[in-house]
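In the UniProt record's numbering, the protein residues as written are 1 to 297.
The C-beta atom is built at its ideal place from N, Cα and C for all residues, glycine as well.
Please read all numbers here as calculations on a predicted model, not as lab measurements.
Notes follow the structure.
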């Protein structure tokens, strides 16, 4: 799933009002990330039901009804605008991938931070994340209760169908739910740097690039250790060895910056314009003489 661009026309005031209503909780006291994840689960459940019955996906009427169930009050024009915005084929069905991408939209930096946190989660042999295994990687933070309460809640019906061949009682967690959770948390953190630091520390994902065992092991060739010193060392040799180069003999050639070729500006050949040449012609000698008031005296 690619990240959502903030300059997309669908990210306008109408759609932001819908996400704010879902986030603030229009039904019951439960608010915050749980509402966003539940809305996404219900949307996917509705989509699976439509496809199971032979239809293409979620219709406009079902889409508007789902938003109204989560406390969104839309006028008729706003509802028609949202349905048309996410109906790419103009056939009366909502494009699910486009809607989910904008519903959980983040900028590139925050989306990459969520991807790094997702990559640090423990996965099983098939590469799936178990809900009950999240606490193995999760550190103690202020959102610990929200994470556990969100991802350990009732499993949606399409998740049960997808895990029908799985013998384990522990359901899996999809990346969309994980992204929807932190898309809600992202609203409360204005700075990208602060959100990235918070997320990577929360999942201990900031040290994922540390060297592992034998990653810095030297490759020994036929001559033995490549870093071994093959001659005896004496104190006088160490004293005579310069620690650096003198500034007089320092070569700055490799430090010269290579600038790209910039063609010069074209010469300014503007027409010479003046009051005399633009508005008046040059007077003749006779006209100059006639203009002299003392000419006839």
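Check                                                                                                                            : Outcome
Alpha-carbon to alpha-carbon, residue 204 and residue 197                                                                        : 10 Å
Any 3 or more C-beta pairs closer than 8 Å across the segment 186 to 200 and the segment 99 to 115                               : yes
Three CB pairs or more closer than 8 Å across the segment 82 to 98 and the segment 120 to 128                                    : no
C-alpha distance - residue 6 paired with residue 101, whole-angstrom precision                                                   : Below a pLDDT of 50, predicted positions are generally treated as unreliable, and residue 6, at 46, falls in that range; no measurement from the model is reported.
Of the listed residues 24, 79, 174, 234, nearest to residue 61 (C-alpha basis)                                                   : 79
Inter-residue Cα distance where the pair is residue 69 and residue 202                                                           : 32 Å
Helix, strand or coil at residue 98 [DSSP, three-state]                                                                          : helix
Nearest to residue 23 (by Cα), restricted to the options 221, 72, 81, 290                                                        : 72
Neighbour-count burial assignment, residue 160, 16 or more Cβ in a 10 Å radius                                                   : Residue confidence is low: residue 160 scores 48 on pLDDT, short of 50, so the model does not pin down where it sits. Its coordinate-derived value is still stated next. Exposed, since its Cβ has fewer than 16 Cβ neighbours within 10 Å.
Inter-residue spacing [alpha-carbon to alpha-carbon] between residue 67 and residue 74                                           : 9 Å
Residue closest to residue 130, alpha-carbon to alpha-carbon, out of 238, 33, 178, 97                                            : 178
DSSP state of residue 20 mapped onto helix, strand, coil                                                                         : helix
Cβ neighbour criterion (16 or more within 10 Å) applied to residue 229                                                           : exposed
Extent of the continuous alpha helix (DSSP H) run through residue 119                                                            : 108 to 119
Range covered by the alpha helix (DSSP H) that runs through residue 286                                                          : 285 to 291
Option nearest residue 188 by Cα separation, candidates 64, 15, 16, 32                                                           : 32
Host alpha helix (DSSP H) of residue 64 (start-end)                                                                              : 60 to 69
Backbone CA spacing between residue 51 and residue 91 [nearest angstrom]                                                         : 15 Å
Residues of its chain near residue 21, where Cβ-Cβ distance is below 6 Å and the 5 sequence neighbours each way are ignored      : 71, 72
Chain C within 9 Å of residue 79, Cβ atoms only                                                                                  : Reference to chain C is not applicable here, since this structure consists of a single protein chain.
Integer Cβ distance of residue 298 from residue 116, believed to fall under 8 Å                                                  : Limits of the chain in this structure are 1 at one end and 297 at the other, which puts residue 298 out of reach.
Presumed contact (8 Å Cβ cut-off) between residue 184 and residue 36, rounded CB distance                                        : 5 Å
Beta-carbon spacing of residue 94, residue 59 below 9 Å                                                                          : yes
Chain-order list of residues whose beta-carbon lies under 7 Å from that of residue 14 (same chain, five-residue window excluded) : 78, 81, 82
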